[in-house]
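Residue numbers for the sequence shown follow numbering that gives the first Met the number 0, so the first one is 0 and each next one is one higher. Taking it in order: structure first as structure tokens, then the write-up.
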Amino acid sequence: MFPKVTVNGEAIPEAQVVWEEGIVFITADIEAVHDLTKTEAKKPTITETGNIEYWSCSGCGKLFSDDAAKNEISPDDVILEKLVDTRKKGDLNNNGKIDASDLLQVKSHIKKVKPLEGEDFKIADVDDNGAINAADLLKMKAHMKGVSYLW
Ligand SMILES: [Ca+2]
Ligand SMILES: [Ca+2]
Ligand SMILES: [Zn+2]
0 MFPKVTVNGE
10 AIPEAQVVWE
20 EGIVFITADI
30 EAVHDLTKTE
40 AKKPTITETG
50 NIEYWSCSGC
60 GKLFSDDAAK
70 NEISPDDVIL
80 EKLVDTRKKG
90 DLNNNGKIDA
100 SDLLQVKSHI
110 KKVKPLEGED
120 FKIADVDDNG
130 AINAADLLKM
140 KAHMKGVSYL
150 W
């Protein structure tokens, strides 16, 4: 059982009391006792935001950039913005050219095997008509063969 400590009749919370070789130390700030959980860093992608490594306290809800809870940060500070999509039309796998692999992804979409969504959809819809179909595939093939370039 932890002895109850009072100062001028006021009970001091257990978390603020430290006993050492018969001497009682009272820590000034209960905020110094945080229950921290680490969140690992996550790299942002084109579709999802990422975050830096940080520690959060389940007690007070504050966030810190260090495991000693010395440097408090705001929720905005931990977020890493989504990457900007710099892919060119039709270059789904982002290797700088329209190739067989890109065509395969578009074919899979048309056959409803593996539908393309979000940014991928926009990249594959090379004629910007809101649908991915044989016309887009033809334009990509023409670009690949050097008949008619998309870019
Ligand atoms: Ca490509
Ligand atoms: Ca289209
Ligand atoms: Zn806390």
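Built from N, CA and C at the ideal position, the CB exists for glycine as well. Small disclaimer: the values here were computed from a predicted structure and weren't measured.
Straight-line Cα distance separating residue j from residue i
i	j	result
residue 34	residue 133	57 Å
residue 81	residue 75	14 Å
residue 30	residue 48	Confidence at residue 30 is low in this model, with a pLDDT of 48, below 50, so its placement is unreliable and no value can be given for it.
residue 10	residue 32	17 Å
residue 17	residue 8	18 Å
residue 6	residue 73	35 Å
residue 61	residue 94	42 Å
residue 100	residue 57	47 Å
Residues bridged to residue i (per DSSP)
i	result
residue 62	55, 72
residue 40	Per DSSP, none; premise fails for residue 40.
For residue i, the nearest candidate out of the options (CA to CA)
i	options	result
residue 123	112, 111, 113, 136	136
Collapsed DSSP secondary structure at residue i in the structure displayed
i	result
residue 20	coil
residue 13	helix
residue 8	coil
residue 25	strand
residue 149	coil
Please give me, in chain order, every unbroken run of the alpha helix (DSSP H) with length at least 4 that falls completely inside the segment 69 to 145. 74 to 77, 99 to 109, 117 to 123, 133 to 144
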